[in-house]
Each structure stands twice: as C-alpha cells, then as structure tokens.
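Protein chains in written order, with my numbering: chain A, 1 to 304; chain B, 305 to 830.
In this text, a Cβ means the ideal position worked out from N, Cα and C, and glycines have one as well.
Okay, so here's the structure we're looking at.
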C-alpha cells in the first residue's frame with residue numbers, strides 16, 4: 001500500500017483522538033470517584049446502582065422510624081413507672097389508714113393526699129408525647145380521660161368516657177410494621193370495669209373519708225392488682241423495645257450491606273484506573289513523540 | 305531525408321514536456337494539504353514518428369525516426385469504486401454520530417445516577433410519607449409540609465425532564481431543516497460544477513480540479529444523506545435517498561417530504577433520534593407520571609378502616625352496625641395515588657375524603673402526563689387537605705346532631721402510600737402503550753427505563769467508534785491512491801529536472817553541430 005504524509009497525519013490525529021478519549025474517561029472516573037457516571041457507562045450496573053441507592057435511602061428511613069418508635073415506647077415506659085410509684089405511695093398511705101388506731105382526722109388528711117395523687121394519675125393518663133396523647137389509641141389529638149374519670153361513668157353520667165382502640169403502626173422494614181402505642185384500657189383497666197385503677201383509687205378515697213376500714217383493706221388488694229396490670233403492660237413494652245433494638249441492628253447491617261454493594265457497583269477501582277490513566281498518558285506521550293519524528297522530515301530535507 | 309533541425313524540435317519537445325511535468329509536480333506539492341485534492345500526473349508518450357508506411361521512396365534514411373515526447377493528458381489518480389465505499393461508510397458514521405449525540409443528550413436529561421434526579425425525587429417522596437405516617441395529626445403540621453414539598457419537587461422533576469425533552473425534540477427538528485437547506489446548497493454547487501466540467505471536457509481536456517471539487521461536495525453530501533453516484537461517459541447522476549438530485553445538467557432540490565426516503569446520514573440520524581429515542585423517553589416518562597397518579601395497584605386496606613360513603617368493596621367483611629367499617633384486612637385495587645388518596649380523610653371537620661393528589665396543570669384536561677402533572681392546588685394551598693387518616697367516628701355533643709370526625713392519630717393512609725414503593729403497579733392497562741414491562745414496582749420500572757437508555761447509548765457509542773474506524777479505513781484506501789506524497793513528488797522533481805537539463809543539452813549539441821557545419825565546414829585553405 002502506498003502511504004503518504006497526509007495519511008500518516010490523519011491516522012495520528014485519529015489515534016490521538018482515541019487516546020484523548022481514554023484519558024478523559026479515566027480522569028472523569030478519578031475525579032468523580034465513580035465508575036458509572038451515566039447510564040451508558042454500565043447499562044446493567046446502573047439498574048443495580050439505582051436499586052441500591054433506593055434501598056439505602058429506605059433503610060435509613062426505616063431505621064429512623066424504628067428510633068422514633070423506640071423513643072415513644074421509652075416515654076410510655078417512663079409514664080407507667082411513674083404511675084406504679086404513685087400507686088405504691090397510695091398503697092402505703094392506705095395501709096396506714098386501714099389501721100383502727102388512726103384517728104379519723106388523720107384519715108381525712110390521708111384521703112386528701114390520695115385525692116391529689118389521683119389527680120396526678122389522671123394527668124399521667126393524659127400524658128402527651130410530642131403533642132400526642134399516648135394512651136388514647138389513634139385519637140391522639142384528644143385527652144383520653146376526663147378530669148374525674150371515676151365519676152364520668154354511669155350512673156354519674158349517661159355519656160361515659162371512651163378510649164379509642166386504634167393502634168398506631170410504624171413501618172420498620174419492607175412489609176414489617178410495629179405497633180407503638182399502649183392503650184389506656186390495657187394500662188389502667190376498662191372504664192366500665194370496677195377494677196379500673198381510677199375507680200379503685202376513687203373508692204379508696206371515699207372509704208378513707210368515711211372511715212370504712214373494711215373497704216380500705218379490700219381496696220388495698222385492688223391497688224395491688226392495678227399495679228400488676230401496669231407492670232404487665234410495661235413488660236410488653238419492654239418486649240417490643242427489645243424487638244426494636246434487634247430490628248435496628250439488623251437495619252444497620254442491611255444499610256452497611258447495601259452501601260458495600262453500591263460501592264462495588266458504582267465506585268472506582270482506584271489502583272486499576274490510576275494504572276490505566278498512567279498507561280493512557282504514556283501512550284499519549286509516545287504518540288506525540290512519534291508525530292514530531294515522523295511528520296517532519298521528507299526527501300526535501302535531504303536534497304541540498 | 306531528415307530535416308536539419310529535427311533534433312532541435314525533439315529537444316524542444318523534451319523541454320516542454322518536462323516543464324509541464326514539473327508544473328504538475330509543483331501543483332501537487334502545493335496542494336498536498338488541500339481537502340479533496342487528487343494528485344495529478346502528466347502522462348507522457350513518445351510522439352508519433354515520421355514516415356508512415358506508404359509508397360514513399362525509402363531512400364537511405366532509416367524509417368520510424370522518433371519525434372520526441374508529448375504530454376498527451378494530465379490525469380487524476382482516483383478510483384471511483386473507493387469513492388462509493390468511502391461515502392457509504394461516511395453516511396453510516398454520521399448517522400451514528402448524530403444518534404450518539406442525541407442519546408448523550410437524553411442521558412444528560414435523565415441525569416442518573418446523581419443526587420438530583422428522578423429516582424432521588426421518588427425515594428424522597430416515599431420517605432416523606434413515612435415521616436407523615438408518624439406525625440399524622442394536626443399537632444405536627446411540618447410532616448405534611450414535607451410531603452407537600454416533596455410532591456411538588458417530584459412533579460417539577462417530571463415537568464422539567466419533559467420540557468427538556470421537548471426542547472431537544474425542537475432542536476432536532478431545527479437541525480433537520482438546516483441540513484435539508486445545506487444539502488440543497490450543495491446540490492446547487494454540484495450542478496454548477498457539472499455544467500462547467502461538461503464544457504471543459506467537451507474540448508477533450510480533463511477537468512481535474514473541478515472534478516476534485518465536485519467529488520468533495522458529494523463527500524459532504526454523503527455525510528448528510530445516503531448518496532449514490534453513477535457516472536457514464538456522457539452522463540453524471542447523483543441520487544440521495546430515492547431522489548435523483550443530479551441528472552446531467554439538471555438538478556432537483558430535496559424537501560422535508562423526501563426525508564423519509566433517506567436510510568442514513570445526519571438527517572436520518574436526527575429523524576430517528578427525534579421520532580424514536582426522544583419520543584420513546586417522553587412516552588416512558590408519561591407512563592411513569594400517569595401510573596404514579598392513576599395506575600392500577602393493589603393495596604391492603606387495614607381492618608378498622610372506615611370507607612368513604614359510596615365506596616363498596618365487593619366481598620369485603622364489614623361491621624353489620626356500620627357497613628362502612630372494614631372488619632378484616634381487605635385487598636383492594638385502586639387507581640394509583642389519586643385513587644388511594646380518595647379513600648382517606650383530610651384534617652377537615654366534619655370528616656372529608658381526600659381529593660385527587662396529582663392533577664393536570666394549567667387547567668388542562670385529559671390524562672396526566674410528565675409534562676402536565678402537578679400537585680393538586682388544594683394541597684398546595686393548604687396541607688390539611690392531604691388525607692392521612694382512614695378512620696372516623698361519630699362524636700355527639702348534645703344537643704347538636706352527632707358529627708363524623710376524623711381520628712387524627714391514624715396514619716394508615718400515609719403508610720399505604722409509602723408502601724406503594726413496594727407494590728406492583730400496572731403500567732400498561734390497555735396493553736398497547738409501549739411500556740417496557742406491563743407490571744412492576746415503581747422504582748423497578750424506572751431502573752428498566754434507565755437501563756434501556758444506557759444500553760442504547762452504549763450501543764450508539766460503540767457503533768459510532770466502529771464506523772469512525774471503518775470510514776477511516778475507507779478513506780485510507782482512497783488516499784493510498786489519491787493523496788500527494790511529498791517524497792514521491794520530490795523524486796519526480798529531480799527526475800524531471802534532469803530530463804529538462806538533458807533535453808536542453810540535446811539542443812546545445814545540435815547547435816554545436818550546426819555551428820560546425822555552417823562556420824567550420826568548407827573553409828579548407830582559407
């Protein structure tokens with residue numbers, strides 16, 4: 001084949017162009033630290049990359065949800081602890097009041113104290129977490145208990161108070177939901193039930209006022225039952241918290257796993273790309289050298 | 305008997321011929337870098353000798369005495385078959401170059417993977433609903449604002465991509481018009497040149513440089529569309545697509561109506577980019593926007609939900625005392641987010657069901673597309689119009705009549721919408737809209753779209769690189785014959801210069817001989 005100068009310079013220009021392209025692609029990968037900068041860089045990998053990105057973001061959201069659920073449960077637990085403490089106090093006072101040796105005046109004083117503690121229990125029942133009533137099912141915008149719950153049921157009123165029975169769910173994984181609220185009925189007893197904590201404390205207070213030591217003795221046992229009910233609810237909350245902790249650590253693992261996968265698909269293999277870049281650079285240098293050597297001389301340079 | 309001055313004539317012919325050859329060599333050297341230039345050679349032949357066979361008296365002289373040299377023609381070194389080969393490759397190269405460029409543009413518009421792309425907007429949209437599911441009541445309105453803002457962002461991402469694809473489509477149309485104009489300009493030039501060539505060659509010469517120009521223009525035409533050249537001794541025809549643009553001295557312009565007959569070249573590349581690639585991704589975006597808002601998807605309505613009045617789910621187990629209340633988790637197929645959102649209740653009192661979540665913007669009608677999808681203006685105005693709760697209850701405050709009131713702490717609707725990210729949508733309800741897959745998860749569908757785009761762009765890039773190599777090779781074959789080699793020309797120069805000097809020496813020799821004959825003969829004894 002006959003070769004001419006213009007053919008050689010054309011070929012060199014074409015090859016320089018492809019060297020440039022190689023350099024450009026290597027440099028882009030190094031500066032972005034990403035192997036996939038556009039879909040055509042790896043049409044199969046891009047689908048994986050997008051999926052992993054989505055999964056990572058979802059996992060982060062689930063993990064945040066689980067943390068929120070945990071703080072709601074922790075708050076419920078604190079409230080219930082408080083209620084148990086108050087009941088404990090009421091129980092101690094009542095034991096004092098049940099003794100026949102206590103004069104009626106002292107019993108009245110105890111009754112007043114119990115009444116105050118009763119109000120505290122009501123306000124605990126109406127506890128709010130971030131502006132939401134925690135014991136009223138899904139009706140979080142309304143207080144579950146009236147000011148004097150024991151006297152807001154028949155026969156005192158024809159419209160008894162009622163707690164919403166909805167359960168608040170939070171998603172903590174693909175298709176996995178957890179209930180975060182504990183219903184007031186579960187903690188304090190059904191309003192219409194005579195063993196309801198508010199009813200019990202109210203009866204106890206009345207017995208203290210009327211010096212009925214027999215009833216006081218009977219209600220002390222009921223107080224114990226109320227405490228047990230709360231503790232049972234607490235242990236269920238505890239179990240849910242355990243599950244959440246387990247879920248959280250699983251979500252962390254999952255997040256790490258996806259991040260790892262994403263990095264494998266998207267990230268640059270540094271040593272490989274740097275080596276390629278260096279190779280491309282030296283090829284580029286060599287082509288420039290060749291160009292300067294080959295193109296310049298012609299027969300005319302030797303005709304003097 | 306040969307003339308006394310015969311050899312002077314022979315010498316003179318030698319000088320003239322070598323001079324012509326040197327001129328041609330100079331012409332070659334100076335045009336070494338001229339685009340489209342074909343090296344020329346002065347073709348020399350021995351002149352016709354004297355003494356034809358005949359009845360002449362042969363006498364004592366030998367017959368067939370040479371008459372020196374003649375340049376009978378100056379020709380181009382060119383192979384027409386290689387021209388056609390190069391033009392075919394050039395057409396194909398330019399088709400792929402254009403397609404690669406268009407697909408690269410679409411890739412830029414899709415902008416994946418990145419931190420501000422559609423897939424990111426979609427994920428953030430789902431996550432916003434997760435956040436809202438935790439804060440459904442009016443106590444924390446900020447979670448609603450997050451959903452509102454992310455929904456606006458998602459709709460705007462769709463709008464932005466659609467409008468950029470529209471602009472790209474317009475640009476491609478504009479380029480097609482420009483390229484049609486450009487080819488008509490070239491057609492005019494070829495036609496003019498053909499006429500000039502015809503005139504020049506009528507007198508038996510070769511119109512080398514004019515032909516070079518014409519071939520160069522046809523090369524340029526071959527970038528725009530597929531061309532075919534047929535040259536016979538008395539005609540020159542060029543066909544582009546199926547239009548005979550040049551037929552001898554007649555020429556025909558091409559118009560947009562002829563564009564569909566082109567099978568390659570820039571115009572065809574632009575047409576395919578516009579009508580196949582851009583149209584495809586506009587369609588896919590429309591399908592995605594439409595499916596998100598109204599595509600059929602099956603969800604599980606949680607038990608205890610209160611259905612809005614008038615909604616009847618066949619086979620659902622409901623509370624005998626309240627037929628709107630579901631007693632079991634119930635599967636139900638809804639029409640996208642819009643259909644689902646209508647099953648929930650806003651913050652309004654008395655309980656009000658949600659409206660369409662996404663609507664057609666600018667007061668338009670018809671199906672939702674990527675271009676017209678908007679967040680319902682009611683929600684843009686007031687976030688309490690986002691329906692999050694799925695439960696209501698009758699609250700009576702005597703003496704007023706009982707009022708149906710929303711249970712605000714219920715976030716089931718937000719959970720259901722957030723859960724749509726894992727549900728299977730029907731992207732192709734009629735089976736004819738060209739969806740990549742008929743059913744699939746929302747993000748899965750988008751991944752398939754991006755993956756398809758990547759495959760097409762990758763293919764175009766590789767084809768473009770291949771065709772650059774192939775057209776380079778075809779050009780090389782052509783250049784091997786036609787291009788100017790400086791070394792070759794330099795050695796020719798030496799050759800012709802020596803021949804020139806030697807020819808003049810012939811004349812000098814004859815001159816000396818004549819001098820001897822005229823001035824030195826017959827002077828014996830003088």
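Euclidean distance between Cα positions of residue i and residue j
{"i": "residue 469 of chain B", "j": "residue 410 of chain B", "result": "7 Å"}
{"i": "residue 548 of chain B", "j": "residue 542 of chain B", "result": "6 Å"}
{"i": "residue 206 of chain A", "j": "residue 109 of chain A", "result": "12 Å"}
{"i": "residue 107 of chain A", "j": "residue 209 of chain A", "result": "7 Å"}
{"i": "residue 545 of chain B", "j": "residue 394 of chain B", "result": "15 Å"}
{"i": "residue 620 of chain B", "j": "residue 596 of chain B", "result": "26 Å"}
{"i": "residue 380 of chain B", "j": "residue 796 of chain B", "result": "16 Å"}
{"i": "residue 748 of chain B", "j": "residue 459 of chain B", "result": "19 Å"}
{"i": "residue 319 of chain B", "j": "residue 807 of chain B", "result": "6 Å"}
{"i": "residue 371 of chain B", "j": "residue 495 of chain B", "result": "42 Å"}
{"i": "residue 522 of chain B", "j": "residue 775 of chain B", "result": "15 Å"}
{"i": "residue 19 of chain A", "j": "residue 289 of chain A", "result": "14 Å"}
{"i": "residue 586 of chain B", "j": "residue 676 of chain B", "result": "12 Å"}
{"i": "residue 5 of chain A", "j": "residue 349 of chain B", "result": "29 Å"}
{"i": "residue 671 of chain B", "j": "residue 665 of chain B", "result": "11 Å"}
{"i": "residue 612 of chain B", "j": "residue 73 of chain A", "result": "32 Å"}
{"i": "residue 461 of chain B", "j": "residue 48 of chain A", "result": "22 Å"}
{"i": "residue 16 of chain A", "j": "residue 284 of chain A", "result": "7 Å"}
{"i": "residue 512 of chain B", "j": "residue 11 of chain A", "result": "26 Å"}
Exposure of residue i, with buried meaning 16 or more beta-carbon neighbours within 10 Å
{"i": "residue 2 of chain A", "result": "exposed"}
{"i": "residue 731 of chain B", "result": "buried"}
{"i": "residue 427 of chain B", "result": "buried"}
{"i": "residue 332 of chain B", "result": "buried"}
{"i": "residue 174 of chain A", "result": "exposed"}
{"i": "residue 138 of chain A", "result": "buried"}
{"i": "residue 822 of chain B", "result": "exposed"}
{"i": "residue 92 of chain A", "result": "exposed"}
{"i": "residue 353 of chain B", "result": "exposed"}
{"i": "residue 661 of chain B", "result": "buried"}
{"i": "residue 116 of chain A", "result": "exposed"}
Proximal chain A residues relative to residue i, where beta-carbon distance stays under 8 Å
{"i": "residue 516 of chain B", "result": "Simply none; closest approach about 14 Å."}
{"i": "residue 427 of chain B", "result": "53, 54, 57, 58"}
Contacts that residue i makes with chain B (C-beta to C-beta distance below 7 Å)
{"i": "residue 138 of chain A", "result": "695, 711, 713, 714"}
{"i": "residue 174 of chain A", "result": "726"}
{"i": "residue 49 of chain A", "result": "417"}
Chain-ordered chain B contacts of residue i [CB-CB under 9 Å]
{"i": "residue 114 of chain A", "result": "Per Cβ cutoff of 9 Å: no residues; residue 114 of chain A is ~32 Å from chain B at best."}
{"i": "residue 46 of chain A", "result": "416, 417, 751, 754, 755, 757, 758"}
{"i": "residue 61 of chain A", "result": "427, 430, 431, 434, 435, 722"}
As assigned by DSSP and simplified to three states, the class of residue i
{"i": "residue 125 of chain A", "result": "helix"}
{"i": "residue 649 of chain B", "result": "strand"}
{"i": "residue 585 of chain B", "result": "helix"}
{"i": "residue 698 of chain B", "result": "strand"}
{"i": "residue 374 of chain B", "result": "strand"}
{"i": "residue 551 of chain B", "result": "strand"}
{"i": "residue 213 of chain A", "result": "helix"}
{"i": "residue 736 of chain B", "result": "coil"}
{"i": "residue 202 of chain A", "result": "helix"}
Listed by chain order, chain A residues near residue i by CB distance under 9 Å
{"i": "residue 815 of chain B", "result": "Result: empty, since nearest Cβ-Cβ is about 30 Å, beyond 9 Å."}
{"i": "residue 788 of chain B", "result": "4, 5, 6"}
Cβ of residue i within 8 Å of any chain E Cβ
{"i": "residue 130 of chain A", "result": "In the structure shown, chain E does not exist; the protein chains are A and B."}
Listed by chain order, chain B residues near residue i by CB distance under 8 Å
{"i": "residue 36 of chain A", "result": "417"}
{"i": "residue 166 of chain A", "result": "608, 695, 711, 713, 714"}
Exercise. For the 8 Å Cβ check, are there 3 or more pairs between the segment 432 to 452 of chain B and the segment 496 to 507 of chain B?
Worked result: No contact exists between the segment 432 to 452 of chain B and the segment 496 to 507 of chain B.
Exercise. Pairing CB atoms from the segment 123 to 135 of chain A with CB atoms from the segment 235 to 253 of chain A, are three or more of them under 8 Å?
Worked result: Taking 8 Å as the limit for Cβ pairs, the verdict is that the segment 235 to 253 of chain A does not touch the segment 123 to 135 of chain A.
Exercise. Are the segment 404 to 418 of chain B and the segment 797 to 806 of chain B touching by the rule of at least three beta carbon pairs closer than 8 Å?
Worked result: Proximity of the segment 404 to 418 of chain B to the segment 797 to 806 of chain B falls short of the contact definition, fewer than three beta-carbon pairs being nearer than 8 Å.
Problem set entry | contact_flag[the segment 33 to 44 of chain A, the segment 756 to 772 of chain B] where n(CB pairs < 8 Å) is 3 or more | Between the segment 33 to 44 of chain A and the segment 756 to 772 of chain B there are three or more C-beta pairs closer than 8 Å, enough to call the two in contact.
Exercise. Are at least three pairs of beta-carbons, each pair with one atom in the segment 582 to 597 of chain B and one in the segment 632 to 652 of chain B, less than 8 Å apart?
Worked result: Counting C-beta pairs with one atom in each stretch, the segment 582 to 597 of chain B and the segment 632 to 652 of chain B have three or more that are closer than 8 Å, which means they touch.
Exercise. Is the segment 680 to 699 of chain B in contact with the segment 710 to 719 of chain B, if contact means three or more CB pairs nearer than 8 Å?
Worked result: Yes, the segment 680 to 699 of chain B touches the segment 710 to 719 of chain B.
For this session: Kindly confirm or deny that the segment 524 to 531 of chain B and the segment 568 to 576 of chain B touch, where touching means at least three C-beta pairs closer than 8 Å.
Result: The segment 524 to 531 of chain B vs the segment 568 to 576 of chain B: in contact.
Problem set entry | Touching by the beta-carbon criterion (3+ pairs, under 8 Å), the segment 627 to 636 of chain B and the segment 601 to 610 of chain B | Yes, since at least three Cβ pairs between the segment 627 to 636 of chain B and the segment 601 to 610 of chain B fall closer than 8 Å, the two stretches touch.
Exercise. Are the segment 71 to 90 of chain A and the segment 212 to 231 of chain A in contact at 8 Å, needing three or more beta carbon pairs?
Worked result: A contact exists between the segment 71 to 90 of chain A and the segment 212 to 231 of chain A.
Problem set entry | Stretch pair the segment 189 to 196 of chain A + the segment 210 to 217 of chain A: three plus CB contacts closer than 8 Å | For the pair of segments examined, the segment 189 to 196 of chain A was found not to touch the segment 210 to 217 of chain A: the number of CB pairs separated by less than 8 Å stays below three.
Exercise. Taking contact to mean at least 3 C-beta pairs separated by less than 8 Å, is the segment 75 to 83 of chain A in contact with the segment 179 to 187 of chain A?
Worked result: Yes: the two stretches touch, three or more of their Cβ pairs being nearer than 8 Å.
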